[in-house]
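Asks: Count along the sequence shown starting at 1, add 32, and that's the number in the numbering used here.
Questions regarding the structure given below will be posed in turn.
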Amino acid sequence: MDCIRVSQNLDDYLDGELGRIRQHAVARHLYACAACSAGFTFEVQVRQLLWQKCRDEPPEGLRDRILEALAVIDPTALPPNAFPGPLPGPFDAGRDDGLESGH
Ligand SMILES: [Zn+2]
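What follows is the structure, given as structure tokens:
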């Protein structure tokens, strides 16, 4: 396996998606080739950064729950009949016409 092949297979190698023989060939080349092992180290560091970043982000499903919650509190995301009527204004204060007895 040459350097170009190795660099092409580096992603799959890191993901463990190469076959056993290719996986072994890449590993052997990385062991023997300083240039490729430097590239491999860089690739691993990039992935470690990504993994760390991913761990800082909300867990799976939390983003959807947040978006759902936002949709609930955002009136534009609600159907027009979501509220039974306009909220009582100041002119309703002290009104005593019996409309409240329905509750
Ligand atoms: Zn190489």
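Glycine included, every Cβ here is placed at the ideal spot set by N, Cα and C.
Computed from a prediction, not measured in an experiment: that's the story for all the values here.
Using three-state DSSP, classify C86 as helix, strand or coil.
Replies: Helix at C86.
Asks: Report the option in L82, F72 and D47 whose CA atom is closest to the CA atom of C35.
Replies: The candidate whose alpha carbon is nearest that of C35 is F72.
Asks: Indicate, with yes or no, if ligand 1 has a heavy atom lying under 8 Å from the CB of V38.
Replies: V38: yes, Cβ under 8 Å from ligand 1.
Asks: Can you grab the Cα-Cα spacing for the pair G93 / D43, in whole Å?
Replies: Going by the C-alpha atoms only, they are around 27 Å apart.
Asks: Assuming L50 is part of the alpha helix (DSSP H), what are its boundary residues?
Replies: That residue, L50, is in no alpha helix (DSSP H); it is neither H nor E in DSSP.
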